[in-house]
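The working numbering applies: residue 21 is where the sequence shown begins, and numbers increase by one.
Encoded as structure tokens, the structure appears first; notes follow it.
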Amino acid sequence: MSNLSGQKIIVGVTGGIAAYKSCELIRRLADRGALVKVVMTPGAEAFVTPLTFQALSGSPVHTDLLDPEAEAGMGHIELARWADKIVIAPATANFLARLSQGRAEDLLSTVCLAAKADISVAPSMNQAMWINAATQKNLSLIEQLGINIVGPDSGDQACGDIGLGRMTEPMKIIAALELDSASNPLTGKKVVITAGPTLEALDPVRYLSNHSSGKMGYAIAMASVRAGAETVLVSGPVNLDCPLGVKRIEVTSCAEMQSAAMAEAAKADVFIATAAVADYRPEQASPQKIKKHGNEMAIKLVRNPDILAKVAALGDHLFCVGFAAESEKLIENASKKLISKNLNLIVANDISDQSIGFGSDENAVTLIGPDFELELGKSHKRLIARKILEVIGEEITK
Ligand SMILES: Cc1cc2nc3c(=O)[nH]c(=O)nc-3n(C[C@H](O)[C@H](O)[C@H](O)COP(=O)(O)O)c2cc1C
Numbered sequence: 021m022s023n024l025s026g027q028k029i030i031v032g033v034t035g036g037i038a039a040y041k042s043c044e045l046i047r048r049l050a051d052r053g054a055l056v057k058v059v060m061t062p063g064a065e066a067f068v069t070p071l072t073f074q075a076l077s078g079s080p081v082h083t084d085l086l087d088p089e090a091e092a093g094m095g096h097i098e099l100a101r102w103a104d105k106i107v108i109a110p111a112t113a114n115f116l117a118r119l120s121q122g123r124a125e126d127l128l129s130t131v132c133l134a135a136k137a138d139i140s141v142a143p144s145m146n147q148a149m150w151i152n153a154a155t156q157k158n159l160s161l162i163e164q165l166g167i168n169i170v171g172p173d174s175g176d177q178a179c180g181d182i183g184l185g186r187m188t189e190p191m192k193i194i195a196a197l198e199l200d201s202a203s204n205p206l207t208g209k210k211v212v213i214t215a216g217p218t219l220e221a222l223d224p225v226r227y228l229s230n231h232s233s234g235k236m237g238y239a240i241a242m243a244s245v246r247a248g249a250e251t252v253l254v255s256g257p258v259n260l261d262c263p264l265g266v267k268r269i270e271v272t273s274c275a276e277m278q279s280a281a282m283a284e285a286a287k288a289d290v291f292i293a294t295a296a297v298a299d300y301r302p303e304q305a306s307p308q309k310i311k312k313h314g315n316e317m318a319i320k321l322v323r324n325p326d327i328l329a330k331v332a333a334l335g336d337h338l339f340c341v342g343f344a345a346e347s348e349k350l351i352e353n354a355s356k357k358l359i360s361k362n363l364n365l366i367v368a369n370d371i372s373d374q375s376i377g378f379g380s381d382e383n384a385v386t387l388i389g390p391d392f393e394l395e396l397g398k399s400h401k402r403l404i405a406r407k408i409l410e411v412i413g414e415e416i417t418k
């Protein structure tokens with residue numbers, strides 16, 4: 021039996037060409053025993069009639085915010101209170117913009133703002149609209165609000181373009197909702213994550229560092245909160261906002277990251293090291309700005325401590341996860357690291373592919389444990405983050 025059986029689900033439909041796919045979504049949710057109510061935007065009514073959804077859901081369809089009759093019946097607050105889950109499929113670019121700003125100018129956005137239920141969105145739009153910086157900015161705001169983003173998929177589009185932006189198929193949306201409803205082994209556990217680069221000072225104005233954006237670690241922190249874990253993010257300097265529900269400790273150098281990570285990991289259940297910690301630091305940071313002199317300059321570097329190895333040595337109570345960025349012999353080198361650092365899981369990624377990794381929103385990784393290897397194809401870092409947490413959850417309950 022589906023864990024969606026008996027759940028009260030609002031299906032929000034917005035004005036996109038994929039609105040016809042919502043019919044299939046509603047049918048399949050009803051098949052699984054979910055109680056479905058449909059809320060449509062005025063834009064959606066131009067694509068599919070409320071009557072179709074009424075027949076499929078067996079319940080009146082809600083369309084108007086400022087309708088005295090509707091408010092006397094099941095008004096926006098009642099709908100918001102009724103729902104265990106809200107899934108908006110398709111979610112237009114316009115709706116995502118409204119959601120990201122907390123606007124309440126139509127029934128669906130008002131219900132979302134008033135609801136305590138888990139919200140999922142399945143974006144659907146032309147590929148150029150999807151990659152537009154405004155849409156991507158709205159999406160990152162939505163992510164920070166703890167809203168679950170399902171898809172979109174890549175492929176042929178109704179407008180003739182090819183690319184990312186197709187609404188994820190209804191059965192995949194249902195699988196994502198079921199995954200979210202599954203009891204999670206990480207609920208109540210403490211997860212500590214390091215993210216971003218470290219900065220190693222040369223003098224008061226200069227430093228050695230790297231291009232780590234922190235996106236992978238932040239995506240993992242968001243997935244960890246969603247899984248119900250107490251989540252601590254020890255973060256080097258990055259250009260990202262702290263995800264909702266995460267305790268962030270901001271650090272600069274490897275030494276600072278190490279002491280924060282060790283203190284937090286001492287009472288944690290899982291430690292995930294995604295930070296790109298500088299391997300070396302200047303032996304001495306000059307207290308004064310270093311002046312120009314001569315044509316050459318030598319800086320003596322000394323080895324930084326290996327934070328992951330030190331945390332892993334704290335004891336067997338910790339499930340330790342490392343990342344291995346390799347440019348050759350990916351599996352072989354990552355497997356060696358798994359053993360040499362005494363880790364429970366290593367996430368290996370091939371940095372020779374320029375289109376993924378540092379700074380990018382996508383990645384392609386292989387998860388390697390002591391007795392398994394799981395290749396995850398190229399996908400958004402947030403989906404990879406969820407999969408990593410799912411595997412950790414399975415491993416800690418073995
Ligand atoms: C034929 C047609 C198809 C459209 N398809 C989409 C779409 O797939 N995704 C999208 O974001 N907007 C699409 N739009 C634009 C939206 O309908 C428009 O932004 C509208 O204001 C969305 O309103 P809503 O978000 O309140 O439903 C389409 C417009 C037309 C005329």
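The beta carbon of each residue, even a glycine, is placed where N, CA and C say it ideally should be.
Residue of the options minimising C-alpha distance to residue i
i, options, result
"Ala-83", "Gly-185, Phe-67, Val-58", "In the sequence as presented, Ala is not what sits at residue 83; that position holds Thr. Cα-wise, what sits closest to Thr-83 is Val-58."
"Glu-352", "Asp-51, Ala-333, Ser-22, Glu-393", "Glu-393"
"Val-385", "Asn-364, Asp-391, Lys-407", "Lys-407"
"Glu-163", "Leu-128, Val-411, His-400", "His-400"
"Lys-210", "Glu-410, Gly-248, Ile-194", "Gly-248"
"Ser-22", "Val-331, Ile-194, Ser-273", "Ile-194"
"Asn-324", "Pro-302, Leu-159, Ile-412", "Pro-302"
"Thr-61", "Val-254, Gln-27, Cys-132", "Cys-132"
"Ile-388", "Arg-402, Asp-373, Glu-382, Val-411", "Val-411"
"Ile-167", "Arg-246, Lys-309, Asp-173", "Arg-246"
"Met-242", "Gly-256, Ser-232, Asp-261, Ala-142", "Asp-261"
"Pro-433", "Leu-403, Gly-26, Ile-416", "This structure does not reach residue 433, given that the chain is present from 21 up to 418, and the question cannot be answered."
"Gly-24", "Pro-205, Ile-327, Gly-53, Met-187", "For the sequence presented, residue 24 should be read as Leu rather than Gly. Leu-24 has its Cα closest to that of Gly-53, out of Pro-205, Ile-327, Gly-53, Met-187."
"Leu-409", "Ala-354, Asp-138, Phe-339", "Phe-339"
"Ala-135", "Ala-405, Leu-161, Val-107, Met-317", "Val-107"
Distance, residue j Cα to residue i Cα
i, j, result
"Ser-229", "Pro-217", "7 Å"
"Ala-288", "Met-236", "20 Å"
"Asp-299", "Asp-200", "38 Å"
"Lys-418", "Ala-293", "22 Å"
"Val-297", "Ser-372", "19 Å"
"Ala-64", "Asp-104", "23 Å"
"Leu-116", "Gly-314", "56 Å"
"Gly-342", "Glu-250", "19 Å"
"Leu-253", "Asp-176", "39 Å"
"Glu-346", "Ala-142", "33 Å"
"Leu-159", "Trp-150", "10 Å"
"Ala-281", "Ala-154", "35 Å"
"Gly-185", "Asp-381", "15 Å"
"Ala-285", "Leu-127", "45 Å"
"Gln-156", "Val-31", "23 Å"
"Ser-129", "Ile-416", "39 Å"
"Arg-268", "Ile-169", "23 Å"
"Asn-383", "Leu-71", "42 Å"
Own chain residues within Cβ distance below 6 Å of residue i, not counting five before or after
i, result
"Gly-36", "Pro-110, Thr-112, Ser-144"
"Leu-350", "Ala-368, Asp-370"
"Leu-55", "Lys-28"
"Leu-99", "Val-131"
"Thr-207", "Gly-248"
"Val-33", "Ala-39, Ser-42, Met-60, Ala-64"
Exposure label - residue i; buried when at least 16 CB within 10 Å
i, result
"Val-225", "exposed"
"Ala-148", "exposed"
"Pro-263", "buried"
"Tyr-227", "buried"
"Gly-413", "buried"
"His-337", "exposed"
"Ser-360", "exposed"
"His-96", "buried"
"Asp-51", "exposed"
"Ile-366", "buried"
"Ala-283", "exposed"
"Gly-122", "exposed"
"Val-322", "exposed"
"Gln-74", "exposed"
"Ile-182", "exposed"
"Thr-69", "exposed"
"Met-317", "exposed"
"Cys-274", "buried"
"Ile-319", "exposed"
"Ser-255", "buried"
"Ser-355", "buried"
Start and end residues, beta strand (DSSP E) containing residue i
i, result
"Leu-394", "392–400"
"Pro-110", "105–111"
"Tyr-300", "300–302"
"Cys-340", "339–346"
"Asp-176", "173–176"
Residues near residue i in its chain [Cβ-Cβ closer than 7 Å; skip 5 each side]
i, result
"Pro-190", "Lys-41, Glu-44, Leu-45, Arg-48"
"Pro-80", "Gln-74"
Start-to-end residues for the alpha helix (DSSP H) that takes in residue i
i, result
"Asn-158", "153–164"
"Glu-65", "62–65"
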